[in-house]
């Protein structure tokens, strides 16, 4: 499915079992999922999915049932279990990455080495099935983008193997660095370390649901009933935008526009600021001359960036310019798909960026730095290099 999105609404927090319940409810085939998960070299477990109600709303409850004693397991042991399975390679790599995040956070919180961290949930079977299971379910659904809302952490205290800890638990607090999150009056832990690690590793951005054509939904139920709110996590699966708004077969995505008006800065600073913004991942940066109050000549500094890069772009503008504030808006982009080819000009190879729509090349532009190097080495006028290549348009 082109431009497909999975959006997780974490209004009641996030955990591994809630993510799995929501994905199964939204269309992941539980039987096929279980067949692959049973290739993990683990015994004495079974998984089930059933319909329950939370706060008067229906949801899918994912559960792990343990039928035999399990040993305590640390990070190297868990990695070996995942590697020995028949999970797809990408799923193995993603799951091991999530476990490394959790172990690093737990180790930092408790002042121990990563290999000393033991996963306590019934010999780590719960953790392995939650983490590897979520990664597998998403792999089976195959979205182009995964997005999360801000995370509801809950409040109060939580009982752990380390004793009673405040919410968010220290490991969770470490894992949510850089992620929009908030506390509520739930009086319970709503975002678990496993849920936080999965959100941090999987998400391509956090915030409100983008414009999307919703095709299916699922609600994953948490373990407990919460007063005044349904303890559910919702998954929305769909396409980015509406298909009829893009009849031309272009690629689509969403981008954030960060702007500010400046009328009191040394103009020599702009080059440096623009370079920093591009170096930090901005997709494009530009200046627009404007006239501000009291007829002052000024400039609008604009930076286009991905949604999850807004914070870094804003920080640079605040640190490096005289502005006191920026404005951020989000919009849809229609793009030609891009591919680099090589062409020979005056006997030298020059990379050419092509723009395609529906598999047909509509535009071809030589890379400027390659063209400049070819002009220098062949003593050919740059204008001839820029116009002397040939890429068949079809």
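Numbering (this note's numbering), first residue to last: 983 to 1376.
Even for Gly, the Cβ is constructed at its ideal location relative to N, Cα and C.
Just so it is clear, the structure is predicted and the values come from calculations on it, not from any experiment.
Distance between residue 1092 and residue 1245, taken at the CA atoms: about 50 Å. Taking each of 1108, 1289 and 986 in turn and checking the Cα distance to residue 1055, the smallest one comes out for 1108. Shown here, residue 1012 sits in a helix according to DSSP, grouped into three states.
Taking the CA atoms as reference points, residue 1087 sits about 43 Å from residue 1349.
Around the beta carbon of residue 1050, fewer than 16 other beta carbons lie within 10 angstroms, which makes this residue exposed. Using a Cβ distance threshold of 9 Å, residue 1037 and residue 1200 do not count as a contacting pair. Residue 1268 sits exposed, since fewer than 16 C-beta atoms from the chains shown fall within 10 Å of its C-beta. If you compare the alpha carbons of 1235, 1078 and 1028 with that of residue 1183, the shortest gap goes to 1078. Sorting 1156, 1276 and 1120 by C-alpha distance to the C-alpha of residue 1090 places 1156 at the top. Taken through DSSP and simplified to helix, strand or coil, residue 1163 comes out as strand. Short of 6 Å from the beta carbon of residue 1345, and not among the five residues preceding or following it, lie these beta carbons of its own chain, in chain order: 1337.
Secondary structure at residue 1051: coil, using DSSP grouped into helix, strand and coil. Beta-bridge partners of residue 1044 (DSSP): 1031. Per the coordinates, the alpha-carbon of residue 1274 lies some 8 Å from the alpha-carbon of residue 1243. For residue 993, the secondary structure class from DSSP, reduced to helix, strand or coil, is strand. Restricting attention to 1196, 1027 and 1151, the CA atom closest to the CA of residue 1047 is found in 1027.
In this structure, residue 1012 sits near residue 1031, with a CB-CB distance shorter than 9 Å.
Here residue 1146 is exposed, its C-beta having fewer than 16 other C-beta atoms within 10 Å. In the DSSP assignment, residue 1109 falls within the unbroken alpha helix (DSSP H) covering 1107-1123.
With contacts defined as CB atoms closer than 9 Å, residue 1360 and residue 1330 qualify as a contacting pair. At a Cβ-Cβ threshold of 9 Å, residue 994 and residue 1212 count as neighbours.
Rounded to the nearest whole angstrom, the C-alpha separation of residue 1234 and residue 1121 is 21 Å.
Residue 1009 and residue 1044 do not touch by the CB rule: their CB atoms are close to 15 Å apart, not below 8 Å.
For residue 1174, the three-state secondary structure derived from DSSP is coil. Nearest neighbour of residue 1052 by Cα position, chosen from 1039, 1041, 1071 and 1023, turns out to be 1023.
Counting only runs of 3+ residues, the beta strand (DSSP E) found wholly inside the region 1293-1364 occupies 1309-1317, 1319-1327, 1330-1339 and 1342-1348, in chain order. Scanning its chain for C-beta atoms nearer than 7 Å, with the 5 sequence neighbours on each side dropped, one finds around residue 1095 the residues 1089, in chain order.
Contact between residue 1181 and residue 1130 holds: CB atoms are separated by about 5 Å, below the 8 Å threshold.
Residue pairing by DSSP places residue 1236 opposite 1314 in a beta bridge. The alpha-carbon separation between residue 1033 and residue 1241 amounts to approximately 47 Å.
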